[in-house]
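Here is the structure we will look at, set down as structure tokens.
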Amino acid sequence: MIRTLLVSAALAFGAAGAAYAAEPIVGNWKTASGATAEIAPCGGAFCVTLKTGKHAGKRIGNLAGTDGSYSGEITDPESDKTYSGSGAVDGNSLKMKGCVLKVLCKSQTWTRL
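For the sequence shown, the residue numbers in mature numbering (1 follows the signal peptide of the UniProt record, and there is no 0) are -21 to -1, 1 to 92.
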């Protein structure tokens, strides 16, 4: 009986710990254009998919990283061009940056919804 309680408590604590371990980038974000983008785990990275706006349903990014610092690829949904990208989470702000040849860069700040 005591062993069953200990195992149950350990499983409950482990499930709660997993919820707290979610990466800060995961969630819904309001983009600079006003659309909503969802960032969710996919494979070993995080996929960025537009949920609202003119390009709803379009996947526009793939980022990997931890602890608020991420890098990968970002696609401009208007031009369909893909750039080297990065994201940095600071509280409820996400600074997204896309670059060509790591020299010509454009940044946007998204807000957590």
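We treat Cβ as the ideally placed atom computed from N, Cα and C, and that holds for glycine.
What you are looking at is a predicted structure, and each value in this text was computed from that prediction instead of being measured.
Q. So, helix, strand or coil for VAL68, using DSSP?
A. The answer is strand: DSSP assigns VAL68 an E or B state.
Q.
Considering just the uninterrupted stretch of the beta strand (DSSP E) at LYS9, what are its terminal residues?
A. Run containing LYS9: 6 to 9, per the beta strand (DSSP E) assignment.
Q: Rounded to whole angstroms, what's the CA-CA distance from LYS74 to ALA24? Just pull it up for me.
A: 18 Å
Q. Which term fits GLY22, buried or exposed, when burial requires 16 or more other beta carbons within 10 angstroms of its beta carbon?
A. exposed
Q: Give the straight-line distance between the Cα atoms of THR31 and VAL82, rounded to the nearest whole angstrom.
A: Straight through space, the alpha carbons of VAL82 and THR31 are spaced by roughly 31 Å.
Q. So LEU29 and ALA19 are in contact, right, with Cβ under 8 Å, and what is the actual spacing, rounded?
A. The Cβ separation is near 12 Å, so there is no contact.
**Q.** Where GLY66 falls, given that 16 or more other Cβ within 10 Å makes a residue buried
**A.** buried
(Q) Check this for me: beta carbons of GLN87 and ALA11, under 8 Å apart or not? (A) yes
Q | Of the listed residues GLY77, SER50, ASP69 and CYS84, nearest to ARG91 (C-alpha basis) | A | ASP69
Q. Any idea which residues DSSP pairs LEU18 with across the strands?
A. According to the sequence as given, residue 18 is Ile; it is not Leu. For ILE18, which the question treats as bridged, DSSP gives the partners GLY6 and VAL27.
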